[in-house]
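Each position in the sequence shown, counted from 1, maps to that position plus 3 in our numbering.
For glycine and all other residues, C-beta sits at the position ideal for the given N, C-alpha and C.
It should be emphasised that the depicted structure is a prediction, and the values quoted were computed from it without experimental measurement.
Worksheet: the structure to be examined is printed underneath.
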Amino acid sequence: MLFTHMIRTAAVLGIFALISTWLVAITFDATKEPIAASEKRALLRNLHQLIPPVMHDNDLFTDTITVNDPVHLGIDMPLRVFRARKNKQPIAVAMESVAPDGYSGNIFLLIAIRYDGSVLGVRVSKHKETPGLGDAIEIERSDWVTGFNGKSLSTTHDKAWQVEKDGGEFDQFTGATITPRAIVKAVHKALLYYQQHRDSLYIDSNKQER
């Protein structure tokens, strides 16, 4: 009797497991496309905020290449570079980058850089920083990220690319230094990458790896 009861219990648990897996799969399939569409809308919104349509006459979302440089861009995976052009002349890029040393892990960034190497703007596209503290990196919550606007390697020397607590010129948050420190470092590295590879980033090709 005990053995039969164990068999029946195992069978019931197995059925429940199969049903749960099936429901999860259905939910994933049902939400996959809406999530992808939502992410695309957010990306386009950020791109147009950073590089307004008046600045270019090409399609930012399709004029892209992918690059891979974990040293400068923070993660060992292909990241997109969106190119802005006007009358076929290079105007700016918006580069995906990652700050790998945030308080709660990776902070995904979109960094727009003019052809001359100055920052047009920075947006945080995804993060897991502490709500009410580290999330001040979001443009919807504070204007902190606008502090990068206009900065460049030629106008801001290397030692200044730190938060004030470390002797640099960028603000930190009260009680949350790790998050802004990580982003300042990531933006600086992205500018160094751009400086080294600027011209090649505007070349038409399917993929660029550095």
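The DSSP-derived three-state label of M80 is coil. Residue burial annotation: K192 is buried, with at least 16 other C-beta atoms found within 10 angstroms of its C-beta.
With distances taken between CA atoms, G124 lies nearest to Q52 out of V57, N71 and Q52.
DSSP places D119 outside both helix and strand once states are collapsed to three, so it counts as coil.
T65 is the residue among K168, W164, A139 and T65 whose C-alpha sits nearest the C-alpha of V96. A contact between stretches requires three or more CB pairs, one per stretch, nearer than 8 Å, and the segment 164–171 fails this requirement with the segment 144–151. The distance from the Cβ of R126 to that of N49 is about 4 Å, consistent with a contact at the 8 Å cut-off. Using a Cβ distance threshold of 8 Å, V101 and I114 do not count as a contacting pair. Closest in C-alpha terms to V70, from the list D60, N61 and V84, comes V84.
Residue state for I29 is assigned as helix, using DSSP reduced to three classes. If you draw a straight line from the Cα of P134 to the Cα of Y106, it is about 12 Å long. Here L47 is exposed, its C-beta having fewer than 16 other C-beta atoms within 10 Å.
Looking at D79, I78, R88 and Q92, the one whose alpha-carbon comes closest to that of P55 is R88. Secondary-structure assignment with DSSP links T67 through a beta bridge to F85. Rounded to the nearest whole angstrom, the C-alpha separation of N90 and V122 is 22 Å. Separation of D202 and T182 (C-alpha to C-alpha, rounded to the nearest whole angstrom) is 31 Å. Its chain contains W147, G150, V166, E167 and P183 as the residues whose beta carbon lies nearer than 8 Å to that of D174, once the 5 sequence neighbours on both sides are disregarded; these appear in chain order.
In terms of Cβ geometry, S145 and G120 do not form a close pair [threshold 8 Å].
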